[in-house]
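Down below is the structure, laid out as structure tokens.
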Amino acid sequence: MEQYWHKDIPEIVVMLATDIEKGFQSEQVKEKQNQCGFNQLKEQKGTSALTILLEQFHNVIIWVLIGAALVSGLLREWVDACAIIVIVILNAILGFIQEYRAEKSLAALKKLSSPTSKVIRNGQHQVIPSFQLVPGDVIELEAGDNVPADSRIAWLTSNFSVAEASLTGESTPVLKTTSALEEEEIPLADRANMVYLGTSVVSGKAKAVVVEIGMSTEPGKIAGMIQDIAKETTPLQKKLGDFGKWIVYLCFVLVGKVFLLEWFRGGKIIDVFLTSVSLAVAAIPEGLPAVVTIALALGVQRMVARHAIIRKLPSVEALGCATVICSDKTGTLTKNEMTMQAEMFFRLQASVMRQKAIFFLMIKRLIPAIIRI
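Numbered per our numbering, the sequence shown spans residues -6 to 366.
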């Protein structure tokens, strides 16, 4: 990245082949757009309705229930088969409705943002859609404006300040300057002659030269890193997945034992097999997915009442697992890393030991009572 904060305005004007007073000509703008593209952040494709629906079946418990429905159909237990299928379908529909609404709400929020920029082109002051900006464009900023692209300040009034909390976490507005900074390597928050995409002007007026657009801006780099993050399962999804696997293993063990015992007693293989499979199907908790989905849906509705959009149903439970949320004075969430000091570690260890002692004491008292019964 070019160190624009370290360069004087005349040097930047030469680098970007622009004109502070007249701006670009129309032909130059087209050339620049062909070279650099548009001032837009690249977004991942939205999730289709079919994908959201299919994701509702991506669960071990659901697969086990579908298998149980098929087995019940083979055994001609039509009532059980139909009941399980209805539960699976209702579970998928309920989850689909909640997540599809969330996707639509997020899409609607994105459409609300259609910013425009005040720019000098062909020697005239114009208002254009911000996505049409190119490096070298001369933009005008005043109190209340959102900065449309990373820019180097060329002229300003003495009270020109910008709120950069969304980018740097600094709660107070930052006063800006036009002077080049001596340091070549300087933190983002200390670049007093630069303004960045997504920040907002608090007071004063300024004229600035666009130096970076789209994914090359500082927020664009952050967006690129966010898009590279792999999706992770929530604690509830992990627990349900493990629970589903245990159910499958347990059913196989029970089916095997019942099959062998009945077979050694002289039972017919077909009858023994059908009996064993019936027991396995009966052991599967077909109501569990529906109960979990309904509980999560109620949680989503409560969050909606508090003006919070939950994209995935299991995320409600993940949020509920949080006991402490760490943030700085501006409310910026910290990086997903935690540290523990030795004193806190020993306190937690002592707490765990006390809980274990109480548990074993309860067991010790219960054993004589169980034996008497």
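Even for Gly, the Cβ is constructed at its ideal location relative to N, Cα and C. Computed from a predicted structure; not experimentally measured.
Euclidean distance between Cα positions of residue i and residue j
i     : j     : result
A62   : W71   : 9 Å
V195  : D1    : 25 Å
Y(-3) : A147  : 12 Å
L160  : P212  : 7 Å
G404  : N52   : This structure gives no information on residue 404, because the portion of the chain shown stretches from -6 to 366.
T316  : L233  : 21 Å
I287  : I262  : 41 Å
V202  : E4    : 12 Å
L105  : F31   : Any answer about L105 is weak, because its pLDDT of 47 lies below 50 and its placement is not dependable; what the coordinates show is given next. Roughly 19 Å separates the two Cα atoms.
Q49   : G292  : 18 Å
N84   : G66   : 20 Å
E177  : E(-5) : 10 Å
Q28   : A311  : 44 Å
S107  : A76   : Low per-residue confidence applies at S107: pLDDT is 49, beneath 50, and the placement is therefore not dependable enough to give any value.
S41   : Q230  : 22 Å
A158  : L168  : 13 Å
K250  : I55   : 25 Å
A285  : W256  : Contrary to the premise, residue 285 reads as Val rather than Ala in this sequence. In a straight line, the C-alpha of V285 is about 39 Å away from that of W256.
V7    : K25   : 15 Å
L47   : G313  : 26 Å
E20   : Q125  : 13 Å
H(-1) : T170  : 12 Å
Cβ-Cβ separation, residue j to residue i (assumed contact under 8 Å), whole Å
i    : j    : result
V81  : I45  : With a Cβ gap of about 16 Å, V81 and I45 do not count as contacting.
P141 : L190 : 7 Å
M208 : L9   : Not a contact, Cβ separation roughly 18 Å.
E205 : D143 : 4 Å
T192 : A156 : 6 Å
T309 : L289 : Reading the sequence as shown, one finds Val at residue 309 and not Thr. The Cβ separation is near 5 Å, so the contact holds.
Per DSSP, the bridge partner or partners of residue i
i    : result
E133 : K111, K200
H118 : I113
D143 : E205
L126 : Answer is none; L126 lacks a bridge partner.
Q148 : For the record, residue 148 in the displayed sequence is Trp; it is not Gln. Per DSSP, K200.
Residue i at chain B interface by Cβ criterion, 8 Å
i    : result
L289 : The question asks about chain B, but that chain is absent: this structure has only one protein chain.
Say whether the region 182 to 196 touches the region 226 to 239, bearing in mind that this needs 3 or more beta-carbon pairs closer than 8 Å, one atom from each stretch.
no
Complete alpha helix (DSSP H) runs within the region 153 to 214 (minimum length 4 residues, chain order)
158 to 161
Quick one: complete alpha helix (DSSP H) runs, 4+ long, within the region -3 to 31?
2 to 9, 19 to 29
Does the region 13 to 26 come within contact of the region 107 to 123, defined as at least 3 CB pairs closer than 8 Å?
yes
Measuring CB atoms only, is the region 150 to 169 touching the region 123 to 130, in the sense that at least three cross pairs come out at less than 8 Å?
no
Entirely within the region 33 to 87 and at least 4 residues each: give me those alpha helix (DSSP H) ranges in chain order.
Runs found: 42 to 48, 53 to 67.
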